[in-house]
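In the numbering used here, the protein residues as written are 1 to 337.
Presented below is the structure to which this report refers.
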């Protein structure tokens, strides 16, 4: 008996099979197993056979007292009940299984909705915190200017500080607006040549690169064509390349390359700035993540979140990692047209 139990344990399916199944199939298998452990484990047709047999045994004593026509009717009724009992039990079992699967799907959707609500709550709290900093400074600066009798030069310095804080608040507000609508134009995606957009991006940032004494190096497949919204893709490339320029030191180099594989085109943007901290890589694209993102400004963090949503809308992705040569590498992965 012990050996038989051991063999049954060995023949049971392992965890590897269950991991390969989808969540809905997992729920279905779990609920089916729970049904198998109940009274429905006996095959439906066997139940029907036993039911008809019991009815025959019980009714044998008094069936002979009935007229032949009644006996024929009862025989037909018993046969019909025996035939229909099996399918009825199978339908009931299928109904219970589907009901359990629907309940598991509803629980999964409810869990996803709760996670999305929590993420939205954290973003709103982060936005309020980031906006409160420049607005509080602006309020204090103006209040101080009104309470003191300052010289024209001091008043000008106060106004310049107030202007900087107001500009910071405007930048955050603008990026929040972009984040709210990022990825909504996925339906307007069309074929876009990457080489043209990369060349335009480098030209747009040439002044910033010259001021910081950073040069661009573009190489790779120039014939790559991707499916994306051209406006959002141009903005995403602009944000990523400008972020790489700002991270790079003086006389540094920002490398931009294009690779194609598995139906996707990968745009690799590599800088020579500081490496990304190990704990920051997984949270690099999360907006309002405190004290992460390698010391990046809140403007950069919001821009990276906008890039991620724009890529997701066309079934693409963006990722960050440390390059072997040092610095950070951002990979924009887009489906080819």
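Glycine included, every Cβ here is placed at the ideal spot set by N, Cα and C.
Selection from 269, 162, 310 that minimises the alpha carbon distance to residue 326 = Position 326 of the chain shown, counting from 1, holds the residue named residue 326. Nearest to residue 326 by C-alpha distance, out of 269, 162, 310, is 269.
Where residue 88 and residue 310 are concerned, what is the direct C-alpha to C-alpha distance, given to the nearest angstrom?
-> What you label residue 88 is simply residue 88 of the chain shown in a count that begins at 1. What you label residue 310 is simply residue 310 of the chain shown in a count that begins at 1. Going by the C-alpha atoms only, they are around 51 Å apart.
Contact under 7 Å by Cβ, residue 191 with residue 225 | As a position in the chain shown, residue 191 is number 191, starting the count at 1. As a position in the chain shown, residue 225 is number 225, starting the count at 1. Yes. Within cutoff.
Any chance the stretch 105–113 sits against the stretch 141–155, with 3 or more Cβ pairs inside 8 Å?
-> no
Can you give me the Cβ contacts of residue 331 inside the same chain, cut-off strictly under 6 Å, excluding the 5 residues immediately before and after it?
-> Start at 1 with the first residue of the chain shown, and residue 331 comes out as number 331. Result list for residue 331: 266, 268, 319, in chain order.
What is the rounded straight-line gap between the Cα of residue 256 and the Cα of residue 180?
-> Along the chain shown, read from residue 1 onward, the residue named residue 256 stands at position 256. Along the chain shown, read from residue 1 onward, the residue named residue 180 stands at position 180. Between residue 256 and residue 180, the alpha-carbon positions lie close to 28 Å from each other.
Residue 300: buried (16+ other C-beta within 10 angstroms of its C-beta) or exposed?
-> Counting from one through the chain shown, the residue named residue 300 turns up at place 300. Under this definition residue 300 is a buried residue.
Are the stretch 188–205 and the stretch 224–238 in contact at 8 Å, needing three or more beta carbon pairs?
-> Yes: the two stretches touch, three or more of their Cβ pairs being nearer than 8 Å.
Rounded straight-line distance, which links the Cα of residue 147 to that of residue 218 = Along the chain shown, one-based indexing puts residue 218 at 218. Along the chain shown, one-based indexing puts residue 147 at 147. When rounded, the distance between both Cα atoms is 55 Å.
Applying the criterion that 16 or more other CB atoms from any shown protein chain within 10 Å of the CB defines a buried residue, is residue 276 buried or exposed?
-> Residue mapping note: residue 276 aligns to position 276 of the chain shown, counting from 1. With 16 or more Cβ atoms within 10 Å of its Cβ, residue 276 is classed as buried.
What is the DSSP secondary structure of residue 19, counted as helix, strand or coil?
-> As a position in the chain shown, residue 19 is number 19, starting the count at 1. For residue 19, the predicted model reports a pLDDT of 40, less than 50, meaning its position is unreliable; a value from the coordinates is still stated below. Three-state DSSP puts residue 19 in a helix.
Nearest-angstrom Cα separation, counted from residue 249 out to residue 231 | Residue numbering aside, residue 231 sits at position 231 when the chain shown is read from its first letter. Residue numbering aside, residue 249 sits at position 249 when the chain shown is read from its first letter. Cα-Cα distance, rounded: 29 Å.
Contact check, residue 312 vs residue 285, beta carbons under 7 Å | Numbered from its first residue, the chain shown carries residue 312 at position 312. Numbered from its first residue, the chain shown carries residue 285 at position 285. Their beta carbons are not under 7 Å apart, which means residue 312 does not touch residue 285 by this criterion.
With a CB to CB cut of under 8 Å and the five nearest residues on each side skipped, what residues in its chain are close to residue 259?
-> Reading the chain shown from its first residue, position 259 is the one you call residue 259. Correct list, in chain order: 220, 221, 265, 266, 268.
Over the uninterrupted alpha helix (DSSP H) stretch that includes residue 230, give me the two end residues.
-> By one-based count along the chain shown, residue 230 stands at place 230. That run of the alpha helix (DSSP H) goes 230–247.
CB residue 228 to CB residue 166, shorter than 7 Å?
-> Taking the chain shown and counting its residues from 1, the one referred to as residue 228 is at position 228. Taking the chain shown and counting its residues from 1, the one referred to as residue 166 is at position 166. No, Cβ-Cβ distance for residue 228 and residue 166 is not below 7 Å.
Option in 283, 281, 245 with minimal Cα separation from residue 273 | On the chain shown, position 273 is the one that residue 273 refers to. Residue 245 is the option with its Cα nearest to residue 273.
Which residues DSSP lists as bridging residue 219, in chain order | Counted from its first residue, the chain shown places residue 219 at position 219. Beta-bridge partners assigned by DSSP to residue 219: 257.
Neighbourhood of residue 209 by C-beta distance below 7 Å, restricted to the same chain and skipping five residues each side | In the chain shown, counting from the first residue as 1, residue 209 sits at position 209. Taken in chain order, the residues that qualify are 215, 216, 245.
Cβ shell of residue 308 (< 6 Å), same chain only, five flanking positions each side left out = The count along the chain shown starts at 1 and reaches residue 308 at position 308. Correct list, in chain order: 285, 318.
Roughly how many angstroms separate the alpha carbons of residue 154 and residue 161, rounded to a whole number?
-> The sequence position of residue 154 within the chain shown is 154, counting from 1. The sequence position of residue 161 within the chain shown is 161, counting from 1. When rounded, the separation of the alpha-carbon atoms in residue 154 and residue 161 is 11 Å.
Mark residue 279 as exposed unless 16 or more other C-beta atoms lie within 10 angstroms of its C-beta, in which case mark it buried.
-> Sequence index remark: in the chain shown, residue 279 carries index 279 (1-based). Result: exposed.
Out of curiosity, what's the CA-to-CA distance linking residue 254 and residue 111?
-> Translated into positions along the chain shown, residue 254 becomes position 254. Translated into positions along the chain shown, residue 111 becomes position 111. Distance between the alpha carbons of residue 254 and residue 111 is about 42 Å.
Residue 98 - DSSP class collapsed to helix/strand/coil | Within the chain shown, the letter at position 98 stands for residue 98. Correct three-state label for residue 98: helix.
Taking residue 169 and residue 131 to be in contact with their CB atoms under 8 Å, please state how far apart those CB atoms are, rounded to whole angstroms.
-> Position 169 of the chain shown, counted from the first residue, corresponds to residue 169. Position 131 of the chain shown, counted from the first residue, corresponds to residue 131. Sure, about 6 Å apart at Cβ, within 8 Å.
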